[in-house]
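To keep things clear, I will list the structure first and then write my remarks on it.
Protein chains: 6
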Amino acid sequence: MNHVVVTDVPRPPAEDLDELAGFGVATVHEAMGRIGLVGTSVLPLQQGARIAGSAVTALCWPGDNLMIHAAVEQCLPGDVLVVTTVSPSLDGSFGELLATALVQRGVRALVTTGGVRDVVDLREMGFPVWSGAQNAQGTVKATPGSVNVPITVGGTVIRPGDAVVADDDGVLCVPRAGIGEALAASRARVEKEAVAREAYQRGELSLDRNKLRGLLDDLGVRYVTAAEHDAG
Amino acid sequence: MNHVVVTDVPRPPAEDLDELAGFGVATVHEAMGRIGLVGTSVLPLQQGARIAGSAVTALCWPGDNLMIHAAVEQCLPGDVLVVTTVSPSLDGSFGELLATALVQRGVRALVTTGGVRDVVDLREMGFPVWSGAQNAQGTVKATPGSVNVPITVGGTVIRPGDAVVADDDGVLCVPRAGIGEALAASRARVEKEAVAREAYQRGELSLDRNKLRGLLDDLGVRYVTAAEHDAG
Amino acid sequence: MNHVVVTDVPRPPAEDLDELAGFGVATVHEAMGRIGLVGTSVLPLQQGARIAGSAVTALCWPGDNLMIHAAVEQCLPGDVLVVTTVSPSLDGSFGELLATALVQRGVRALVTTGGVRDVVDLREMGFPVWSGAQNAQGTVKATPGSVNVPITVGGTVIRPGDAVVADDDGVLCVPRAGIGEALAASRARVEKEAVAREAYQRGELSLDRNKLRGLLDDLGVRYVTAAEHDAG
Amino acid sequence: MNHVVVTDVPRPPAEDLDELAGFGVATVHEAMGRIGLVGTSVLPLQQGARIAGSAVTALCWPGDNLMIHAAVEQCLPGDVLVVTTVSPSLDGSFGELLATALVQRGVRALVTTGGVRDVVDLREMGFPVWSGAQNAQGTVKATPGSVNVPITVGGTVIRPGDAVVADDDGVLCVPRAGIGEALAASRARVEKEAVAREAYQRGELSLDRNKLRGLLDDLGVRYVTAAEHDAG
Amino acid sequence: MNHVVVTDVPRPPAEDLDELAGFGVATVHEAMGRIGLVGTSVLPLQQGARIAGSAVTALCWPGDNLMIHAAVEQCLPGDVLVVTTVSPSLDGSFGELLATALVQRGVRALVTTGGVRDVVDLREMGFPVWSGAQNAQGTVKATPGSVNVPITVGGTVIRPGDAVVADDDGVLCVPRAGIGEALAASRARVEKEAVAREAYQRGELSLDRNKLRGLLDDLGVRYVTAAEHDAG
Amino acid sequence: MNHVVVTDVPRPPAEDLDELAGFGVATVHEAMGRIGLVGTSVLPLQQGARIAGSAVTALCWPGDNLMIHAAVEQCLPGDVLVVTTVSPSLDGSFGELLATALVQRGVRALVTTGGVRDVVDLREMGFPVWSGAQNAQGTVKATPGSVNVPITVGGTVIRPGDAVVADDDGVLCVPRAGIGEALAASRARVEKEAVAREAYQRGELSLDRNKLRGLLDDLGVRYVTAAEHDAG
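Protein chains in written order, with the working numbering: chain A, 426 to 657; chain B, 426 to 657; chain C, 426 to 657; chain D, 426 to 657; chain E, 426 to 657; chain F, 426 to 657.
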């Protein structure tokens, strides 16, 4: 493995990131065709935060946060720092001092498969974090890794400059080249959902709205009363 | 497996459900003889909610929410929708649109071994949820299942029309035929606990109140000072 | 296994406990040389609590809370009750009545590898808890164990009279004999971090502050532009 | 919870059990409509064993094997002892002495969500076991439970007198009333699979045999060459 | 998500695959710079098998094996079929009939994050499998996916035509373009290890051979006798 | 944390270790009063091995095996090397070359919470291993730790010079000072079990032999026929 820090990574337009954040994870994920999530092991440290940013990636050795320090320098306003380790580790490789440095650089959030500490301070600062654990366990700075190389988080590849969207539903990666398409599909989806919401509020059933009764019948699902079923 | 949607399920009286909700999960569970819990993998999405309702059950294929749509139609005011999958799945098969439909029908809560999404919206709506995960992962509508058949959630069988009680301590199933007995025992337990609470506030010890000193002695537990123990 | 309740355990000075609480888990853990944490399976039931106390330990049989009742009597003001089981168990062996008894005795918090219940009440009482689960599952009082013997919680040995520090970053054990040294090192660390924080707020990089550029170079980490990296 | 030992449980005919064992878990599970499995947390202690027997159930307290001792007396030749605990426990509640007693009574196997010990001896005896763990951790005999009541193992309800089938694919419960139907469907399935096997050995594709090409097309799956795909 | 079956994927030379298999997973992984492993959740079904093949990938919906059937047709002699699901699923989507079809086509092994069944038969056939579980749970054929697109298995991206190496140490992906380099480095490593092995058999210490004594000293590790340490 | 390598650790007599190995884990664990096990996450790599040795301990940083190299030098014939990491790590920090060095020094086995690799070779060498995983993932030699300090493995403290017993039932630590007592109690237990085994082979019930019928009655367990039970 060659260890590199890649500089000058192209970023998506800020207005695209802002629009993605407005839609939120579930909407963009559906609009993209149900791909791109990093899975349920990376959880929000707070409630209600909803962000999108351009990924700066850091690939660290377990128990070692050297490359997070190197990654800070590569961060620009509007970025999200995304950290993972070569093998699974929940050590607390990130805390309030690093968050202070990121805030100073205009970074929007941290996403990490590892642990974070100084949780009280992070919450007070209002710096949004999605992480694998709350964990005070300290790390060293002894082993090399890379910054701004493609990494895999929970089964999803994140490349530097991809858009990362995160809220209480999880963390989503939108590849940089697919942002325009994702936005267009999200806009359409939001419109369609607004109509559906109104219908459901009026009492229409999704069975009817989505024409699922015929499908149930085709699949052999039968309707029986409880009395018939008990007589069975 | 025959796939059915069972209609016209008998429900427990609304006042019984309300009284169960007032007692909460821990009290009713103890009063029933320490049975009926669905276990620690189904967690509250919010803090402080305490509900009871009549179970409408949905058994789905993993990655598929077709039968949740069919279940909505079977829900009446005072019901709790209880969802599980044939094999383990944390996909986000339920979100804000389905919650909107359930609220419209007077449903009190969702309990699911699967995932939920649109978590921000669900919390804002104040619709209580106990689930296996917060997960944006979308599902399809392609595979049949059943509604209002007995299902197993975390080792506990839930039948349609059973009472489901849920709060921050977990989710409990009270079989319909056992609700009267559970209520009587809960009332007795609450009274007994009130007396014990007062005694503990005065400084009485549970060792004395529960007459445990003799038991400790019978079981061979000895009291030694730290000095004796270190010398030991 | 001889079952004992050890009485008259020596405690650390109250002012030392208070100062440890002020520093918090991450700072003291680092100051001690990155040891003493109980790991990520014991989680706070609340947000923002930060306590330190003298450990009273209880070693229970799974599914049995008899020895918690015995432990209550051994608790003094300023103590933290620390509970574990002989083999893994998340049963709800602790609830509001036991908390009431502990509060009456001036106990500061509960740390348990097991489960707790009456979570709504515990939060309302403001009694801080770190536990393995929220779980209504009840326990019996039938099997002996010990109070105030050394126990192991998540890989860390806790002895009666050790200082236990806990906050949103986890739970830390400071051996009684090492409290003075831990305090001194924590004071130094806090001062050093204050200077670093200010530097980061001004935009200084940790790479420079910690002199990590040379290390990266020694370890073979190369800086390349995205264009160079893509060219391969 | 009333604690009972239920005696004189009706059993399925021995020849039905033998025929189920011959088919094995996967075949009977499919023939029943893909239900009845106890899930992947109960694993075989040996390779290649394939048994079926009539269930004798034991419901124990965690860390306690009192009710296994009570269950032994209820076992008859051709039975399978099925053990679970009120809450999760992997303690080694079963070992070689209990296996000796079961072998003497003609019991065919043990299925337990808990742990077993004396694994070397159990393997030498050739007594088949499916369990949650290999674990020397000892248990006590102090807390009541029940024998021959319905229990839930990994999401599947097992009633005394149900047929339990087990092999390297897992553990399956066939309700007593459904054995005849399961056998008939298994016979049909085995015949059909024999024809399919031969076809596949000749090189026929399951895509063609199961007429899946049209389905793929309906679902929008397109065939493209690698060159076309890369051109994207 | 566009669903495609990609045909005509280029493969690595057969002699390269055979040489990779000869080296085994640990050696090639080290030679590549400690990358490429799929992690510890995919385990061998047998002991002692060591294979390498060209990846044919299948991306399935959970609980659905439709795309495995489509993938069979794309398999050529020397291939390894690699299967994963869009979200986690351990259902038994693969069994003896599919293995029969793969053997007929000259496929060397199956690697799947899902479950397999007919384990007794698979072992008898000698068809090597690395899987997420042994699980009889059946699947349906209802939902589309893709064949021969890049997939992620346990954090490692596998592309069609990459070399997959597997043995009792795990499963490794060698990107097609990197096979030559991996082979050269593996050859060098094997030679170096043979010399080291001989030295260790003679009693030389790795501390000396790898010149680690100075490093220990630099890192502040001190040597003390047990007597000194106890006095410490 | 001060990093040390402790030399000249006192060992138990070889004949005591041999006698412990003869008894095996379950017997000695029971004889000691059901304590000392390291839990179910450290599993045997082979079947049927049963060893005992004097512990040499190594405490490593995650992803780093530097201290294993330092530990090899401290090993003498009859020792067992016991390895853990400061925070959880399943990386493959041990393989065939290190095993070769240990065999050369007369070491009896490896116990590690981490991973091992070259599993095929380790099994062929007949070197017994109990580990947390089979995992090719390589480690570095960059971070200090300690050798022959007390470590905690799965909740049990192991001190250098303690006896470690391991077989298919798990791994047990017998503190050096308690070996004599453990042996005496094990001898008594084996004799008692031989008598019980013979009784069970003759058909005597453990209910009678252990006088459990009265206890069941005292605990309120009632005997009812299936007919009575169904009648409710």
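Even glycine gets a Cβ: it sits at the ideal position worked out from N, Cα and C.
E:R614 and E:A456 have their C-alpha atoms some 7 Å from each other. In the displayed model, D:V430 falls within a strand according to three-state DSSP.
Going by C-alpha positions, B:A602 is about 12 Å away from B:L608. Residue pairing for F:L484: DSSP places it in a beta bridge opposite F:T509, F:S571. For the set B:S466, B:T581, B:D489, the Cα lying nearest the Cα of C:L515 is the one of B:S466.
Taking a C-beta distance under 7 Å as the contact criterion, E:D433 and F:V544 do not qualify as a contact pair. For D:T452, the nearest beta carbon of chain B is not closer than 7 Å to its own beta carbon.
Around the CB of A:D655, fewer than 16 other CB atoms lie within 10 Å, so the residue is classed as exposed. The Cβ-Cβ distance between E:A588 and E:L462 does not fall below 7 Å.
Within the stretch 620 to 655 of chain D, the alpha helix (DSSP H) runs of at least 4 residues that lie entirely inside it are, in chain order, 631 to 634, 638 to 643. Taking a beta-carbon distance threshold of 7 Å, D:Q559 counts as an interface residue toward chain F. Look at B:T577: its C-beta is under 7 Å from a C-beta on chain D. Residue environment analysis places C:Q562 among the buried positions, since at least 16 neighbouring C-beta atoms fall within 10 angstroms of its C-beta. Residue state for F:Q559 is assigned as strand, using DSSP reduced to three classes.
Around the beta carbon of A:T538, 16 or more other beta carbons sit within 10 angstroms, so the residue counts as buried. Under the three-state reduction of DSSP, B:V565 is assigned to strand.
A distance below 8 Å between beta-carbons, with the five flanking residues on each side excluded, links F:P569 to the following residues of its chain, in chain order: H428, W486, L491, M492.
Closer than 7 Å to the CB of C:Q529 there is not a single CB belonging to chain A. In the three-state scheme derived from DSSP, where H, G and I count as helix and E and B as strand, B:F448 is classed as helix.
Between A:I476 and A:A534, the gap from beta carbon to beta carbon is short of 7 Å. Sequence-ordered contacts of the stretch 626 to 643 of chain E with chain B are nonexistent [C-beta pairs closer than 8 Å].
By the Cβ test, the stretch 517 to 535 of chain E is in contact with the stretch 492 to 504 of chain E, since at least three Cβ pairs between them sit closer than 8 Å. For B:H654, the nearest beta carbon of chain C is closer than 7 Å to its own beta carbon. Taking 7 Å as the CB threshold, A:G540 stays off the interface with chain E. In the structure shown, the three-state DSSP call for C:V596 is strand. Judged by DSSP secondary structure, F:L501 falls outside any beta strand (DSSP E); it is assigned neither H nor E. Boundaries of the beta strand (DSSP E) harbouring C:T581: 581 to 583, taken from the DSSP string. Listed in chain order, the positions of the stretch 580 to 603 of chain B with a beta carbon within less than 9 Å of a beta carbon of chain D are G580, T581, V582. In this structure E:A451 is buried. Its beta-carbon is surrounded by 16 or more other beta-carbon atoms within 10 angstroms. Using a Cβ-Cβ cut-off of 9 Å, E:G488 is close to W486, P487, G488, D489, T510, V511, S512, S514, T568 of chain B, given in chain order. For C:L501, the number of other beta carbons within 10 angstroms of its own is below 16, and it is reported as exposed. According to the DSSP secondary-structure assignment, C:T525 is paired through a beta bridge with no residue. Using a Cβ-Cβ distance cut-off of 8 Å, the stretch 570 to 588 of chain E and the stretch 573 to 584 of chain A are in contact, since at least three pairs of beta carbons, one from each stretch, lie closer than that value.
C:P435 counts as exposed, since fewer than 16 other C-beta atoms from the protein chains shown sit within 10 angstroms of its C-beta. By the rule that beta-carbons nearer than 7 Å mark a contact, B:V565 touches chain E.
Secondary structure note for B:L535: its beta strand (DSSP E) is the uninterrupted segment 534 to 537.
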